[in-house]
Each structure stands twice: as C-alpha cells, then as structure tokens.
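Undergrad:
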Amino acid sequence: MKRVLTALLAVCLLCGLPVSAAERSSWTLRCRESRDGVELTLEGLKEELGAIQIELTLEGSCDTVRFEPAMRGAYSPECHVEAGRDETAVTIYLVAEGEALSGRSLRLGTLSAEERFALPGRGSVLALDRDLKPLNGGAIRVPLEEERTDREDEADEDGLYRIHITPLEHGAVTVRPTRAKAGEAVALTVAPEAGYQLDTISAEDQRGREVSLRRDGLNRYVFSMPVQDVEVSASFVPGGGLSFLDVVPGDWCYDAVRYVFEAGLMNGTSANAFSPGAATTRGQIVAILYRLEGSPAAGASQFQDVEPGAYYAEAVSWASANGIVNGYSDGTFRPGNRITREQMAAFLYRYARGKGRDVSDRAELRAFADAGEIASYAVEPVQWATAAGMLNGVTADRLDPGGNATRGQVAVILTRFVQNVF
628 MKRVLTALLA VCLLCGLPVS AAERSSWTLR CRESRDGVEL TLEGLKEELG AIQIELTLEG
688 SCDTVRFEPA MRGAYSPECH VEAGRDETAV TIYLVAEGEA LSGRSLRLGT LSAEERFALP
748 GRGSVLALDR DLKPLNGGAI RVPLEEERTD REDEADEDGL YRIHITPLEH GAVTVRPTRA
808 KAGEAVALTV APEAGYQLDT ISAEDQRGRE VSLRRDGLNR YVFSMPVQDV EVSASFVPGG
868 GLSFLDVVPG DWCYDAVRYV FEAGLMNGTS ANAFSPGAAT TRGQIVAILY RLEGSPAAGA
928 SQFQDVEPGA YYAEAVSWAS ANGIVNGYSD GTFRPGNRIT REQMAAFLYR YARGKGRDVS
988 DRAELRAFAD AGEIASYAVE PVQWATAAGM LNGVTADRLD PGGNATRGQV AVILTRFVQN
1048 VF
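628 is the number of the first residue of the sequence shown in the working numbering; add one for each residue after it.
1. To which residues of the same chain is Gly1020 closer than 7 Å at the C-beta, ignoring the five residues directly before and after it?
2. What is the DSSP secondary structure of Gln1036, counted as helix, strand or coil?
3. Find the nearest neighbour of Ala697 within the set Arg712, Ala723, Gly954, judged by alpha-carbon distance.
4. With DSSP collapsed to three states, give me the class of Asp882.
5. What runs of the beta strand (DSSP E), each 3 residues or longer, lie entirely inside the region 724-804?
6. May I have the straight-line CA-CA distance separating Trp654 from Gly725, to the nearest angstrom?
7. Thinking Ser739 and Glu695 are a contact (beta carbons under 8 Å), I'd like their distance in whole angstroms, please.
8. Are at least three pairs of beta-carbons, each pair with one atom in the region 850-865 and one in the region 809-829, less than 8 Å apart?
9. In whole angstroms, what separates the C-alpha of Asp826 from that of Ala1032?
10. According to DSSP, simplified to helix, strand and coil, what is Phe863?
11. So, with DSSP's three-state summary, where would you put Tyr702?
12. Are Leu1041 and Val887 close, meaning C-beta to C-beta below 7 Å?
13. Whole angstroms is fine: what's the gap from Ala745's alpha carbon to Glu686's?
14. Determine which residues share a DSSP beta bridge with Leu815 and list them.
15. I'd like the list of long-range same chain contacts for Asn846, defined as Cβ closer than 8 Å, with 5 residues on each side in sequence excluded.
16. Please state whether DSSP places Pro696 in a helix, a strand or coil.
17. For Ala942, report the span of its alpha helix (DSSP H) as first-last.
18. By alpha-carbon positions, which one of Tyr881, Glu920, Ala914 ends up nearest to Asp848?
19. For a quick check, are the C-beta atoms of Val908 and Ser902 less than 7 Å apart?
20. Using a 10 Å radius around the Cβ and a threshold of 16 neighbouring Cβ atoms, would you call Asp843 buried or exposed?
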C-alpha cells in the first residue's frame, strides 16, 4: 500500500499538466448538501481505476476542511487543504486497496468543516489506471452538479436549529441563544474592537435566503429563527476611539468608557474630557437607556418638572410608560437630581425585566455592613445587580447604596449590563 500511495503522490506532484476541458470526459461530480457536510459522488465512470485525485475549490477561507471516505476497498490519506483569503483549495486522494475502483456512480465520501462553507465552485479529477498511469492525458475539469437538501427536517434531537457566526476581524458578534426553535427570538450583540465600529451585519439561512434583522438597541439586533440553520456575517471599519485626556489606558474604567463611548451610549463632557468622577443625574441615565433602546417614539411626559424641549423629555416619557422609572409623590421626576447606586440598579432591573431578561438571580448582601440602608423598593434590584456582577462594593464591606453613581461607575455598570444581561 505504501508503494501504491507513494506512486500516486509522485504522479500527482508531476501533474503540472493543463487541466483538460470538461467536454473530454463524461464524468460528473455530484455535490449533495447534507447535515454532516457535502457528500461527493463521481458519476459517469466507465473505466476501472487504480486511484483518483480530486481537486475542489471552495469560496472563502476555510482551513478546517476534512474528508471522510465512504468507498469500500479504497484508502484515503488526509486531504490536503490550502486556505487563501478568498478561496480554499482541497485535494482528496483515493487509492484502490485491492480490486480496482469501478462503477457508474462512485460515492466518494463527505467533506465537512468546523464552520459552514459553500458547495464547491470548481472541480477536477485526475484518474489513474491500474498501472497508475493518468487517463485522458491528465486532470479533467468536471462539471459540478449541486444538490441542496431541504434542511427543514434537520433540527437536532431537541428540535433546535443552530446559529453560526462567520470568522470576523476587528470585532465580535455574540448570539443568545446559540440554538433555537423555529420562531424563537434570537439576539445578536455587536462588540467592535478599540478604534473600530460596525459597518454591516447580515444573516441568511442555509439556502442563502436573507433573514430579516431588527435593530433592538444601539449594538443589538434580533431575528426570528427560521426552520433552518442561520449564518451571521458582519464587518467592521475604523472609527470611534477615545480622545479624552482624563481617561487613559490602564485606568480602572478605561475599557468601559471606550465601550459606552463607541456604542454611542455616553459622550464626553467636552471634546477631550469624560469626567469619570463627576456626578450623573436621573435624566442622564434615562436618556442613556432610551438610546440603548433605539430611541423609539414617545409621547409627552406627565411629570410637571420635565420640560417638553429638554433632551431627556422623550426618554423620561418612554421610561415612565414602560415602568422603568417612577416619579415622586408630588408629581415630579427631578431629572437634575444625582442618581444613586440603588436607583441605578432599580432602573436597570425594571428595564431588563421589561425586555424579558432573566432577573431571578439574587446575591447575599450580609457581607456589606450597610446592606440595611438599602431602600425597600431597591432590595431585589440591588441583589440582582450584585449577583450579575454589575454592582460591586465600594470597599470590601460597604455597598454605599445611597451614594452617587459617578460617570465612571455608570460606564462600568452599563458595559456589564449590555454584555452580560441585555
């Protein structure tokens, strides 16, 4: 066998011959999409063969391709894969172990990969006779017949379909859940690298049909799972970046400030300052959540101290209508008041609950000496925010629930909220 294989590989290396035209052969390579990958079948074969070399070209870069042979009485060494930027060349070898390879239709085997890949775009076959001499003068370019299967019956054993994210540069897209039933809502969260921003994002099912994405916030998109697996693609372009002099790499809140700034959730207090230690008001926080929601249409505010033309007016109206914020007993909202850490937790808790997120986790707060100072309305929100890692103590034993939430703290809390909860 080693002698036969060595001879085959030697012939393959010598095959710098031009690929012959398809008309010189009646062979057809059928490519059938299956749940396990792409099944390959060579049809129209009249000759008896000692070995076959098949070369395929796939669109895109895919260096995890592997081949599982299906032919009995044939040996197949590991397929050779050369992944370029725009296409991938795959070479498959099959060698007869005893009797010659023959039959009008030879089921060769299955191509698969860790990521989804398109059906082959081009293919050629080099056939060797039983004396390991090339037939037809060398490699033959063969026509490819594609057979895309109806994947509607190919959910996994739990009835779930998969969501795949194509390899990305300069950013990431996370998906929740990673498997879903048909009709279930799936959320995509976009996170560009520092200095980059989202350019395009799209999704398609296994048949190449577009899946409609609905924007559900500044960096979040949702879609309804079809009766197919889905592949999501995105691209990022240079943009964003920080020009603040008071928040620099290495600072405790730098990554969070960069995240909320590039996501458009928070701006600087000036062109070159973020003011991480400055106070944050109730109106500012509601405006941030309103932007996160995508700034939906909202009516007039019912609070007597919220002027119709204020930058936070629509945000307060939206938040009040959706049960995210409450006013005071005197009919005011007090948008200029500094927001406390427990109020921030309550706002996020109500917002997440209204979005259908799981807010059932609770942290034990006995380690904090001031846990008894938490207002009754905020106990569960603070327990949840602490359990979710958004709200930490200002010291090992102090939670400071009534303390002001600074801009730096708000940036950190918002980043954790968007990335872990929203």
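Heads up, the beta-carbon is just placed ideally off N, CA and C, and yes, glycines get one too.
TA: Looking at the coordinates:
1. What you label residue 1020 is simply residue 393 of the sequence shown in a count that begins at 1. Answer for Gly1020: Phe995, Leu1026, listed in chain order.
2. Numbered from 1 along the sequence shown, position 409 holds the residue referred to as residue 1036. If DSSP states are grouped into helix, strand and coil, Gln1036 belongs with the helices.
3. Here residue 697 is taken as the residue at index 70 of the sequence shown, counted from 1. Considering only alpha carbons, the answer is Ala723.
4. Numbered from 1 along the sequence shown, position 255 holds the residue referred to as residue 882. Residue state, collapsed to three classes: helix.
5. 732-739, 749-755, 771-774, 788-792, 798-803
6. If you number the sequence shown from 1, residue 654 lands on position 27. If you number the sequence shown from 1, residue 725 lands on position 98. If you take the alpha carbons of Trp654 and Gly725, they lie about 23 Å apart.
7. Here residue 739 refers to the residue found at position 112 of the sequence shown. Here residue 695 refers to the residue found at position 68 of the sequence shown. The Cβ separation is near 7 Å, so the contact holds.
8. yes
9. One-based indexing of the sequence shown puts residue 826 at position 199. One-based indexing of the sequence shown puts residue 1032 at position 405. One Cα belongs to Asp826, the other to Ala1032, and the distance between them is close to 33 Å.
10. Counting from one through the sequence shown, the residue named residue 863 turns up at place 236. In this structure, Phe863 counts as strand in the three-state DSSP scheme.
11. Counting from 1 along the sequence shown, the entry for residue 702 is found at position 75. Looking at Tyr702 - three-state DSSP - the assignment turns out to be strand.
12. Mapped onto the sequence shown, residue 1041 falls at position 414. Mapped onto the sequence shown, residue 887 falls at position 260. Yes, Cβ-Cβ distance for Leu1041 and Val887 is below 7 Å.
13. One-based indexing of the sequence shown puts residue 745 at position 118. One-based indexing of the sequence shown puts residue 686 at position 59. Those two C-alpha atoms are separated by around 6 Å.
14. Looking up residue 815 in the sequence shown gives position 188. DSSP output for Leu815 lists Val802, Tyr848 as bridge partner(s).
15. Taking the first residue of the sequence shown as 1, we reach residue 846 at position 219. Taken in chain order, the residues that qualify are Thr816, Val817, Ala818, Leu825, Ala890, Val1045.
16. In the sequence shown, residue 696 corresponds to position 69, counting from 1. Strand, per DSSP.
17. Taking the first residue of the sequence shown as position 1, residue 942 is located at position 315. Its alpha helix (DSSP H) spans residues 940-948.
18. Within the sequence shown, residue 848 is the residue found at index 221, counting from 1. Per the sequence shown, the amino acid found at residue 848 is Tyr instead of Asp. Residue Glu920 is the option with its Cα nearest to Tyr848.
19. As a first step, residue 908 is located in the sequence shown; it is residue number 281 there, counting from the start. As a first step, residue 902 is located in the sequence shown; it is residue number 275 there, counting from the start. What sits at residue 908 in the sequence shown is Thr, not Val. It is not a contact, given that the beta carbons lie outside the stated cut-off.
20. Stepping through the sequence shown from its first residue, residue 843 is reached at position 216. It is buried - the Cβ of Asp843 has at least 16 other Cβ atoms within 10 Å.
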